[in-house]
């Protein structure tokens with residue numbers, strides 16, 4: 019009986035030892051699980067950020083390169099692209115929490131915000147980007163505001179540059195409502211180019227690198243709007259307050275990957291052109307001219323992920339003064355901007371590469387642009 023009790027005791031001790039071993043093993047698994055969570059992986063899944071796109075425009079170059087190079091997976095975030103029919107529909111989806119990010123347009127963001135919609139600008143996509151096309155004989159005509167006297171200008175409503183230029187001419191004392199300068203709204207960049215060719219308008223404001231196409235079709239670029247107002251905002255990245263809080267970790271990882279995309283764009287031209295051409299279906303010559311510029315065409319777009327709070331707020335006021343949004347709106351752009359996502363992502367890149375001169379420069383620019 020005593021031997022039997024001893025055997026039972028030994029068995030109990032063995033079982034206890036085994037449980038302790040499994041307990042230690044389970045503890046190690048728990049640490050690995052925590053590490054996965056820190057990487058954005060929870061319960062076997064990654065946080066998902068949905069991104070709207072109306073087509074295959076390469077203006078979102080950083081996002082395209084990040085996607086094509088696998089940087090989102092590296093950073094532990096799943097990015098899903100959602101097709102939208104137009105920017106207004108995209109902004110509606112953002113404000114209704116059906117879409118996390120719209121990386122196109124600043125006019126839709128400002129327009130919706132002026133009406134009280136739940137929208138928050140948290141990063142940039144490109145700055146500048148707008149150029150004016152004309153007949154070759156007029157290429158050197160427009161240098162000062164006074165040169166625009168009596169000019170007919172073709173444009174379309176969702177293009178940023180013509181609004182910036184309208185504000186500059188108005189501030190210079192010109193009547194921009196048909197008295198001194200007439201803005202004629204057309205339905206597309208192709209329609210604007212055709213109107214310039216026919217002489218129906220003297221100038222046409224276009225963007226997205228369409229000046230490159232216009233030059234190939236016999237027109238000239240008279241100037242870039244940035245010649246008059248450098249670093250004005252074009253496409254911004256906009257989200258909503260719910261996603262900003264509930265998906266903040268995912269948005270930071272999304273931006274880290276985008277900064278890696280930016281780094282690739284700036285340091286590996288060949289790889290970037292190949293990635294953008296593969297995504298868009300455009301040929302390599304088109305991509306090189308529009309993104310980098312060549313001896314034949316000076317690229318108008320400036321790739322920039324900086325939210326640039328100062329310039330976005332300035333543009334919002336230009337839209338109010340031009341009558342593009344309500345001058346008496348109670349909603350302020352300052353209340354619909356978040357610069358911390360980009361700042362956190364940029365600081366992470368500097369933590370990884372503390373001696374990287376490019377990221378140091380971006381941080382200095384951020385401090386100036388987002389006072």
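Residue numbers (our numbering): 19 to 389.
Beta carbons: idealized from backbone N, C-alpha and C, even for Gly.
- Candidates 311, 374, 88: closest to residue 226 by CA position: Mapped onto the chain shown, residue 226 falls at position 208. Distances from the CA of residue 226 to each of 311, 374, 88 were compared; the closest alpha carbon is that of 311.
- If we ignore side chains and look at the alpha-carbon of each, how far apart do residue 266 and residue 81 end up? If you number the chain shown from 1, residue 266 lands on position 248. If you number the chain shown from 1, residue 81 lands on position 63. Cα-Cα distance, rounded: 18 Å.
- Message: Taking its Cβ as the centre, do 16 or more other Cβ atoms sit within 10 Å of residue 278, making it buried, or is it exposed?
- Response: Taking the first residue of the chain shown as 1, we reach residue 278 at position 260. Here residue 278 is buried: its Cβ has 16 or more other Cβ atoms, across all protein chains shown, within 10 Å.
- Task: Check the DSSP bridge columns for residue 203 and list the partner residues they point to.
- Result: Residue numbering aside, residue 203 sits at position 185 when the chain shown is read from its first letter. As DSSP reads the structure, residue 203 sits in a beta bridge with 173.
- Message: On the CB-based measure, 16 or more other CB atoms within 10 Å of its CB, does residue 386 come out buried or exposed?
- Response: Sequence index remark: in the chain shown, residue 386 carries index 368 (1-based). Exposed, by the Cβ-count rule.
- On a CA-only basis, which of 67, 327, 73 is nearest residue 102? Give me that one, please. For the purposes of this step, residue 102 is identified with residue 84 of the chain shown, where counting begins at 1. Comparing Cα-Cα distances from residue 102 to each of 67, 327, 73, the minimum goes to 73.
- Task: Taking all protein chains shown into account, decide if residue 46 is buried (16 or more other Cβ within 10 angstroms of its Cβ) or exposed.
- Result: For this step, residue 46 is matched to residue 28 along the chain shown. Reliability of the predicted coordinates at residue 46 is poor, the pLDDT of 28 falling under 50, and the value obtained from them is presented with this limitation in mind. Exposed, because fewer than 16 other Cβ atoms sit within 10 Å of the Cβ of residue 46.
- Task: Compare the beta carbon distance of residue 110 and residue 137 with 7 Å and say whether it is the shorter of the two.
- Result: Along the chain shown, read from residue 1 onward, the residue named residue 110 stands at position 92. Along the chain shown, read from residue 1 onward, the residue named residue 137 stands at position 119. With a cutoff of 7 Å on beta-carbon distance, residue 110 and residue 137 are scored as not near each other.
- Using the Cα positions of residue 396 and residue 340, report the straight-line distance between them to the nearest angstrom. Residue 396 lies beyond the range of the chain shown here (19 to 389); nothing can be said about it.
- Query: Taking the C-alpha atoms as reference points, what is the distance between residue 4 and residue 254?
  - Reply: The question about residue 4 has no answer, for the chain in this structure spans 19 to 389.
- Item | Stretch-stretch touch, CB-based, cutoff 8 Å, three pairs: the region 150 to 170 with the region 183 to 197 | A contact exists between the region 150 to 170 and the region 183 to 197.
- What are the start and end residues of the alpha helix (DSSP H) that includes residue 112? The count along the chain shown starts at 1 and reaches residue 112 at position 94. Residue 112 -> alpha helix (DSSP H) spans 105 to 113.
- Item | Cβ pair residue 375, residue 83 closer than 7 Å | Here residue 375 refers to the residue found at position 357 when the chain shown is read from its first residue. Here residue 83 refers to the residue found at position 65 when the chain shown is read from its first residue. Not closer than 7 Å, so no.
- Task: Determine, using beta carbons only, whether residue 118 and residue 63 come nearer to each other than 7 Å.
- Result: By one-based count along the chain shown, residue 118 stands at place 100. By one-based count along the chain shown, residue 63 stands at place 45. Their beta carbons are not under 7 Å apart, which means residue 118 does not touch residue 63 by this criterion.
- Extent of the continuous beta strand (DSSP E) run through residue 67: Sequence index remark: in the chain shown, residue 67 carries index 49 (1-based). It spans 66 to 71 - the beta strand (DSSP E) in which residue 67 sits, taken as one unbroken run.
- Task: Check whether the Cβ atoms of residue 364 and residue 256 lie closer than 7 Å to each other.
- Result: Counting from 1 along the chain shown, the entry for residue 364 is found at position 346. Counting from 1 along the chain shown, the entry for residue 256 is found at position 238. No.
- Message: Within 10 Å of its beta-carbon, does residue 27 have 16 or more other beta-carbons around it, so buried, or fewer, so exposed?
- Response: Along the chain shown, one-based indexing puts residue 27 at 9. For residue 27, the predicted model reports a pLDDT of 41, less than 50, meaning its position is unreliable and no value from the coordinates is stated.
- Query: Counting pairs of beta carbons, one from the region 169 to 177 and one from the region 201 to 215, are three or more of them closer than 8 Å?
  - Reply: With the rule of 3 Cβ pairs closer than 8 Å, the region 169 to 177 counts as touching the region 201 to 215.
- How would you call residue 284, buried or exposed, if buried means at least 16 neighbouring beta carbons within 10 angstroms? If you number the chain shown from 1, residue 284 lands on position 266. By the 10 Å Cβ count, residue 284 comes out exposed.
- Quick one: measure Cβ to Cβ for residue 240 and residue 313, integer angstroms, because I've assumed they're closer than 8 Å. For the purposes of this step, residue 240 is taken as residue 222 along the chain shown, with counting starting at 1. For the purposes of this step, residue 313 is taken as residue 295 along the chain shown, with counting starting at 1. Not really, about 19 Å apart at Cβ, beyond 8 Å.
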